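Data block below; observations after.
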Amino acid sequence: MLSPGLDGAPPILQFGTGRFLQAHVDLLVSEAAETGDALGGITVVQSTDHPASTRRARELARAQGFPVVLRGLVGGVPVEMQRTCRSVREVLHAAADWPAVRERVRGPVRVIVSNTGDEGWALSLRDGPALLADAAPAPEAFPARLLVLLHDRWQAAPDAGLTLLPCELVSRNGAVLGDLVVALARSWHCPPAFIDWLLGHVVWASSLVDRIVAQALEPVGAVAEPYALWAVQAQPGLQLPCRHPALIVTEDLARHERLKLFLLNLGHTMLAELWRVLDRAPDMTVRQAMEDPALRQPLEDTWQEEVLPVLAALGQGEEALVYLDGLRDRLLNPFLEHRLADIAQHHASKKARRLLPVVELARRHVPALSQSRLRTALRTS
Numbered sequence: 118m119l120s121p122g123l124d125g126a127p128p129i130l131q132f133g134t135g136r137f138l139q140a141h142v143d144l145l146v147s148e149a150a151e152t153g154d155a156l157g158g159i160t161v162v163q164s165t166d167h168p169a170s171t172r173r174a175r176e177l178a179r180a181q182g183f184p185v186v187l188r189g190l191v192g193g194v195p196v197e198m199q200r201t202c203r204s205v206r207e208v209l210h211a212a213a214d215w216p217a218v219r220e221r222v223r224g225p226v227r228v229i230v231s232n233t234g235d236e237g238w239a240l241s242l243r244d245g246p247a248l249l250a251d252a253a254p255a256p257e258a259f260p261a262r263l264l265v266l267l268h269d270r271w272q273a274a275p276d277a278g279l280t281l282l283p284c285e286l287v288s289r290n291g292a293v294l295g296d297l298v299v300a301l302a303r304s305w306h307c308p309p310a311f312i313d314w315l316l317g318h319v320v321w322a323s324s325l326v327d328r329i330v331a332q333a334l335e336p337v338g339a340v341a342e343p344y345a346l347w348a349v350q351a352q353p354g355l356q357l358p359c360r361h362p363a364l365i366v367t368e369d370l371a372r373h374e375r376l377k378l379f380l381l382n383l384g385h386t387m388l389a390e391l392w393r394v395l396d397r398a399p400d401m402t403v404r405q406a407m408e409d410p411a412l413r414q415p416l417e418d419t420w421q422e423e424v425l426p427v428l429a430a431l432g433q434g435e436e437a438l439v440y441l442d443g444l445r446d447r448l449l450n451p452f453l454e455h456r457l458a459d460i461a462q463h464h465a466s467k468k469a470r471r472l473l474p475v476v477e478l479a480r481r482h483v484p485a486l487s488q489s490r491l492r493t494a495l496r497t498s
């Protein structure tokens, strides 16, 4: 059931304070709430002690809404819109406010959203089953925090519906996160009934998010493109945070994942690779790279010769061409200052996630395809 507004105890718990969540998840829920189509408000949990995260969390807690500026080309026409996002109702710190976080999950929370960054699902050897105790401090790692919260929910309200909606760029992210938490529960020797509940009652929803959020606003807010997609794999018991034109439920999430991963994300990482190899200006943006033939042409050749044949072999040739046509406008967006230096963070792990899968698919479906550019990029450090 959807809430008529954002008042009351927030039914959505969000791990992460970053600009992407502000301009995508938080904004979609805020826009949906204007027409009574949101589940309710959001409690944001600051997951790290990074100074930037602390500053954002402090400002989110103070704000009566924050700005999200949407700039880009729609049908070739420049547009700029400013939205005020009002969906964030509460901000907690995972360590300092851990008892309050646990209390929220014992009670009103129906959806848990996360975007914990490139290393967010790493485990900590310092986390262990003693952290399940009522007075225990917060675990260090996100999977362990999630396990403690779900154990609390199982004890307090085992029959209440609960959906996990990770936004991390991991294929089948819901299933992968579920497997990780269940494996951790087994290693902590949690009760079999709890593990059965994790497997049979909790909805681990795989989802794909697609929106370029290029800049943070100070003290809080973001600049993003108008385009937005949040695709969620259909499954029984699924609860969504809102109804919104950009949020779709699909029987075939993998098709959406392949388009974004092999065209947008691969494109970003190949531009970052070329930027590093060619030693371009430290502050070069995606738009500037797309206007530089020395970077643009190798990227176009990679798409045309090394990626599109794989998508065509998977039956997605036509939709890939349509997606790529719109993607060029998105990458050439004159209003976004999306720095390649930002994209190049965690570059090696991004190459493994974004380039290697299309090489492996080509080996199975188009074995004669050489993919020399992708293979060269994967070999460089």
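In case it helps, the working numbering puts the sequence shown at residues 118 to 498. Note that beta-carbon positions come from the ideal geometry of N, C-alpha and C, so glycine has one too. From a predicted model like this one, the values you see are computed outputs, not experimental measurements.
The Cβ-Cβ distance between valine 162 and valine 205 does not fall below 9 Å. A buried status is given to proline 283, since no fewer than 16 other beta-carbon atoms sit within 10 Å of its beta-carbon. Just so you know, the alpha carbons of isoleucine 312 and alanine 331 end up roughly 40 Å apart. By the Cβ-count criterion, arginine 492 is exposed, with fewer than 16 other Cβ atoms from all chains shown falling within 10 Å of its own Cβ.
Secondary structure of isoleucine 329 (DSSP, three-state): coil. No Cβ-Cβ contact shorter than 9 Å links leucine 448 with glycine 354. With respect to the C-alpha of tyrosine 440, the residue from Leu473, Leu381, Ala213, Arg471 having the closest C-alpha is Leu381.
The three-state secondary structure of glutamine 488, taken from DSSP, is coil.
At a Cβ-Cβ threshold of 9 Å, leucine 391 and methionine 407 do not count as neighbours.
Bounds of the beta strand (DSSP E) holding methionine 198 are 194-202. Restricting attention to beta strand (DSSP E) runs no shorter than 3 residues, the region 368-423 encloses none. Cβ atoms of valine 185 and glutamine 139 come within 8 Å of each other, at about 7 Å. Here DSSP, grouped into helix, strand and coil, assigns tryptophan 314 to helix. Approximately 26 Å separates the beta-carbon atoms of leucine 187 and alanine 322; this is outside 8 Å, ruling out the contact.
Under DSSP, the beta-bridge partners assigned to phenylalanine 183 are Cys202. Exclusion of the five residues before and after glutamine 352 leaves Val320, Ala322 as the residues of its chain whose Cβ lies within less than 7 Å of its Cβ. From the listed residues Glu454, Ile460, Leu412, Leu286, the smallest Cα separation to lysine 377 is found for Leu286. For the pair tryptophan 238 and leucine 294, the CB atoms are nearer than the 9 Å cut-off.
By DSSP's assignment, glutamate 207 forms a beta bridge with Thr160. Bounds of the alpha helix (DSSP H) holding serine 147 are 144-150. Contact between the region 449-456 and the region 414-430 is absent: fewer than 3 CB-CB pairs across the two stretches fall below 8 Å.
Each of His482, Pro474, Val208 was checked against the Cα of leucine 495, and the nearest Cα belongs to Pro474.
Note on geometry: alpha-carbon atoms of serine 170 and arginine 372 lie some 33 Å from one another.
With contact defined as three or more Cβ pairs closer than 8 Å, the region 190-206 and the region 138-158 are in contact. If you check the CB distance, leucine 156 and valine 228 come in under 9 Å.
Ranked by Cα distance from proline 254, the options Pro410, Cys307, Ala217 are led by Ala217. Taking one beta carbon from each stretch, the region 407-419 and the region 358-366 have fewer than 3 pairs nearer than 8 Å; the two do not touch.
Residue pairing of isoleucine 129 in beta bridges, as defined by DSSP: Ile159, Val228.
Per DSSP, glutamine 272 lies in no beta strand (DSSP E) segment; the continuous alpha helix (DSSP H) that holds it begins and ends at 259-273.
Taking the Cα of isoleucine 129 as reference, the smallest distance to any Cα among Asp143, Pro195, Arg136 is reached at Asp143.
Inter-residue distance for proline 168 and methionine 198 is about 29 Å (C-alpha atoms, whole angstroms).
Proline 308 and valine 326 have their C-alpha atoms roughly 34 Å apart. Between tyrosine 344 and arginine 328, the beta carbon gap of about 6 Å places them in contact (Cβ cut-off 8 Å). Between alanine 174 and threonine 134, the gap from beta carbon to beta carbon is short of 9 Å.
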